[in-house]
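What follows is a short report on a single structure.
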Amino acid sequence: MKDVFVVFESRESREKYSQNAKRFDDSVEALSKIGIKVDRVMCVSPSDVGGGAEAEELVSQKGLGILPVAEYDGVVVSEGEYPSDQVLADWLDVPDGVLSANKQMPPSINDMEPPCTCGLNQQTCARKNDQ
Numbered sequence: 001m002k003d004v005f006v007v008f009e010s011r012e013s014r015e016k017y018s019q020n021a022k023r024f025d026d027s028v029e030a031l032s033k034i035g036i037k038v039d040r041v042m043c044v045s046p047s048d049v050g051g052g053a054e055a056e057e058l059v060s061q062k063g064l065g066i067l068p069v070a071e072y073d074g075v076v077v078s079e080g081e082y083p084s085d086q087v088l089a090d091w092l093d094v095p096d097g098v099l100s101a102n103k104q105m106p107p108s109i110n111d112m113e114p115p116c117t118c119g120l121n122q123q124t125c126a127r128k129n130d131q
């Protein structure tokens, strides 16, 4: 599972959080237009939340009343509410201006360059000058 954002929801969660569900629908549509996919699973029983990730365990413990649950690469990033535009922007690296919020989360540790250890300053670093 790599770069998969899934929202598990139910008819009851859509009714309970109707305003946020509508906003979320609009956000998913805007993301779709720029090629960012958000998977959605309409659940009628706890067994609909599968895959062996955190959402499955959460729903098996707390029941469908905890929905909606958003999961990114198997990790729960939001529960009991639809993910905000800020959550979507941060986790999905959405370009500024697509949603009502822009990315604020710092880059993943895997996206950052390792510090230079050559002993030279930033202006004379051989590795930096090779780029």
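Heads up, the sequence shown is in the working numbering, so the first residue is 1 and it goes up one at a time. Quick reminder that beta carbons are idealized off the backbone N, C-alpha and C, glycines included.
Between which two residues does the beta strand (DSSP E) holding residue i run?
i, result
"residue 87", "It is not in any beta strand (DSSP E) - residue 87 instead sits in the alpha helix (DSSP H) that spans 85 to 92."
When the Cα atoms are used, what is the spatial distance from residue i to residue j?
i, j, result
"residue 75", "residue 100", "24 Å"
"residue 88", "residue 57", "22 Å"
"residue 30", "residue 13", "22 Å"
"residue 109", "residue 65", "Caution is warranted here: a pLDDT of 43 is assigned to residue 109, below 50, making its placement in the model unreliable, and no coordinate value can be reported."
"residue 103", "residue 92", "9 Å"
"residue 55", "residue 83", "14 Å"
"residue 67", "residue 36", "22 Å"
"residue 24", "residue 86", "11 Å"
"residue 77", "residue 97", "22 Å"
"residue 33", "residue 18", "23 Å"
If you follow the alpha helix (DSSP H) that residue i is in, where does it begin and where does it stop?
i, result
"residue 12", "11 to 16"
"residue 79", "Residue 79 -> not in any alpha helix (DSSP H); beta strand (DSSP E) instead, spanning 75 to 79."
If distances are taken between C-alpha atoms only, which option among the options comes closest to residue i?
i, options, result
"residue 137", "102, 4 and 36", "Since the first residue shown for the chain is 1 and the last is 131, residue 137 is missing from the structure and cannot be characterised."
"residue 47", "38, 96 and 61", "61"
Check: Does the stretch 39 to 53 come close enough to the stretch 5 to 16 that 3 or more CB-CB pairs lie under 8 Å?
Finding: Output reads yes: the stretch 39 to 53 touches the stretch 5 to 16.
Notebook entry, point to check: What are the uninterrupted segments assigned as alpha helix (DSSP H) that are 4 or more residues long and contained completely in the stretch 31 to 71, given in chain order?
Noted result: The stretch 31 to 71 contains these whole alpha helix (DSSP H) runs: 54 to 62.
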